Amino acid sequence: MEAKVGLLVGVENTFPKPFLEMVNERGRPYQVTAELAKLGGVPEIEEPPRYQVIVDRISHEVPFYRAYLKSAALQGTAVINDPFWWEADEKFFECTLARRLGIAVPRTVVLPNKEYIPYIDPERSLRNLEFPLDWDGICRYTGLPAVLKPNTGGGWRDVYMIDTLDDLIRAYNQTGTKTMILQERIEWQDYLRCVVIGREVLVFRYDPNRPFMERYVTDAPPPAGLRDQAAEQARVLTEALGYDMDTVEFAVRDGVLYAIDFLNPAPDFDSFSIKADGFKWVLQHMCDLVLGYARGEMEPPWRGAHRWWRFV
Ligand SMILES: Nc1ncnc2c1ncn2[C@@H]1O[C@H](COP(=O)(O)OP(=O)(O)OP(=O)(O)O)[C@@H](O)[C@H]1O
Ligand SMILES: [Mg+2]
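Under the working numbering, residues 4 to 315 are what the sequence shown spells out, in order.
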């Protein structure tokens with residue numbers, strides 16, 4: 004049976020072409036083809052759906068794609084990643100989940116927003132909010148130093164390193180309408196970043212202090228014990244979240260892995276950051292995944308998970 008794979012991408016330029024080429028080449032015997040998806044105004048029902056599989060790398064920045072992907076998922080398209088969960092997912096929730104799974108996370112507090120949309124009347128609309136906030140109590144829980152960062156977000160935008168209570172107030176006052184979390188800062192001796200695709204995990208040592216292009220350390224791999232522990236925890240977190248692809252970061256303090264950021268459902272797949280071997284690994288496993296879905300040998304982890312599945 005013929006199947007079409009569509010790819011949705013943003014500015015990234017190293018992954019798309021070789022990925023599409025590999026899927027087309029390895030898919031040929033099974034009549035599986037792959038292309039950059041092209042979407043305009045789409046109707047609510049498409050029979051059959053135009054793509055059997057879609058790899059979504061950018062719907063967090065293009066809401067129209069998200070709207071289409073939810074409808075496509077309902078009609079049987081295997082969307083990588085689950086558009087419903089991706090939209091709902093947040094760092095504070097993920098910290099709670101990790102804690103419940105027995106995976107170490109920095110002590111974390113979610114904070115009421117600094118500002119609101121203009122027509123909110125603080126006297127009437129915000130009656131449930133404590134004001135002023137108990138900054139001393141909040142810092143007693145997280146400890147100092149800490150990190151103030153958005154509850155959803157990426158690209159290190161609005162991530163503030165906090166050393167004192169004054170720093171915290173100053174930074175918080177700049178956060179506008181964003182929901183922020185304050186997190187114990189892990190003063191780490193080692194740092195790992197795991198790329199997860201399906202059940203497969205590639206563990207990198209990672210140095211956040213280096214310039215952007217040099218952060219994935221490929222010439223000094225982590226010790227095997229730490230690597231295996233990171234891989235297992237990254238696999239569990241990603242599986243619990245229902246993602247097909249994710250990046251999971253850990254800071255290592257006194258031998259304990261602390262999950263720092265695992266809300267990365269469009270993982271960095273650029274060849275210049277993950278380097279040649281990592282890039283080959285990513286292409287291989289992304290290709291295995293989409294061919295598995297395209298050929299109907301595998302089911303997306305989220306299929307059937309929403310209540311409306313029972314009605315359609
Ligand atoms: N609790 C913490 N303890 C120590 N370092 C932290 C902590 N939280 C964040 N950092 C540092 O700040 C960086 C950015 O934080 P985070 O990954 O949460 O933001 P992001 O915007 O999602 O980043 P990315 O786009 O790389 O995923 C981390 O890579 C880490 O170096
Ligand atoms: Mg992130």
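From the three backbone atoms N, C-alpha and C, an ideal C-beta is built for every residue, glycine too.
Predicted, not measured: the structure shown is a model, and the values here were computed from it.
Three Cβ pairs or more, each shorter than 8 angstroms: is that satisfied between the segment 270-289 and the segment 7-26?
yes
Distance, residue 311 Cα to residue 126 Cα
Walking along the sequence shown from the start, residue 126 turns up at place 123. Walking along the sequence shown from the start, residue 311 turns up at place 308. Their Cα atoms are separated by approximately 39 angstroms.
Near ligand 1: residue 84 beta-carbon under 7 angstroms from a heavy atom
Locating residue 84 in the sequence shown gives position 81, counting from the first residue. Residue 84: no, Cβ never under 7 angstroms from ligand 1.
Residue 280, buried or exposed, once every other Cβ within 10 Å from all chains shown has been counted against 16:
As a first step, residue 280 must be located in the sequence shown, where it is residue number 277. When all chains shown are included, residue 280 counts as exposed.
Residue 105 versus residue 262 - alpha carbon distance
Taking the first residue of the sequence shown as position 1, residue 105 is located at position 102. Taking the first residue of the sequence shown as position 1, residue 262 is located at position 259. If I take the Cα positions, the gap works out to 11 angstroms.
Under a criterion of Cβ closer than 5 angstroms to any non-hydrogen atom of ligand 2, which residues qualify, in chain order?
157, 264, 267
Around the Cβ of residue 97, are there at least 16 other Cβ atoms within 10 angstroms (buried) or fewer (exposed)?
Taking the sequence shown and counting its residues from 1, one reaches residue 97 at position 94. By the neighbour-count rule (16 or more Cβ atoms within 10 Å), residue 97 is buried.
Give the straight-line distance between the Cα atoms of residue 154 and residue 4, rounded to the nearest whole angstrom.
In the sequence shown, residue 154 corresponds to position 151, counting from 1. In the sequence shown, residue 4 corresponds to position 1, counting from 1. The straight-line gap from Cα to Cα measures roughly 43 angstroms.
May I ask you to verify whether the segment 242-254 touches the segment 189-201, counting CB pairs closer than 8 angstroms and requiring at least 3?
yes
Checking 8 angstroms against the spacing of the C-beta atoms, do residue 118 and residue 179 come in under that value?
Within the sequence shown, the letter at position 115 stands for residue 118. Within the sequence shown, the letter at position 176 stands for residue 179. Yes, Cβ-Cβ distance for residue 118 and residue 179 is below 8 angstroms.
Using a threshold of 7 angstroms, is the CB atom of residue 150 nearer than that to any non-hydrogen atom of ligand 1?
The count along the sequence shown starts at 1 and reaches residue 150 at position 147. Correct: residue 150 has its Cβ closer than 7 angstroms to ligand 1.
Residue closest to residue 303, alpha-carbon to alpha-carbon, out of 58, 49, 47
If you number the sequence shown from 1, residue 303 lands on position 300. Cα-wise, what sits closest to residue 303 is 58.
Selected residue, minimal CA-CA separation from residue 306, among 245, 295, 13, 276
For the purposes of this step, residue 306 is identified with residue 303 of the sequence shown, where counting begins at 1. Considering only alpha carbons, the answer is 245.
Measuring only the C-alpha atoms, how far is residue 198 from residue 41?
Along the sequence shown, read from residue 1 onward, the residue named residue 198 stands at position 195. Along the sequence shown, read from residue 1 onward, the residue named residue 41 stands at position 38. Rounded to whole angstroms, residue 198 to residue 41 spans 27 angstroms at the Cα level.
Let me make sure I understand the geometry here. Which of 152, 128, 114, 122 has the alpha-carbon closest to that of residue 136?
Counting from one through the sequence shown, the residue named residue 136 turns up at place 133. Residue 136 has its Cα closest to that of 114, out of 152, 128, 114, 122.
Residue 300 in three-state terms, based on DSSP:
Taking the sequence shown and counting its residues from 1, the one referred to as residue 300 is at position 297. Looking at residue 300 - three-state DSSP - the assignment turns out to be coil, as it is neither helix nor strand.
Does ligand 1 have a heavy atom nearer than 7 angstroms to the CB of residue 252?
As a first step, residue 252 is located in the sequence shown; it is residue number 249 there, counting from the start. At least one heavy atom of ligand 1 is nearer than 7 angstroms to the Cβ of residue 252, so yes.
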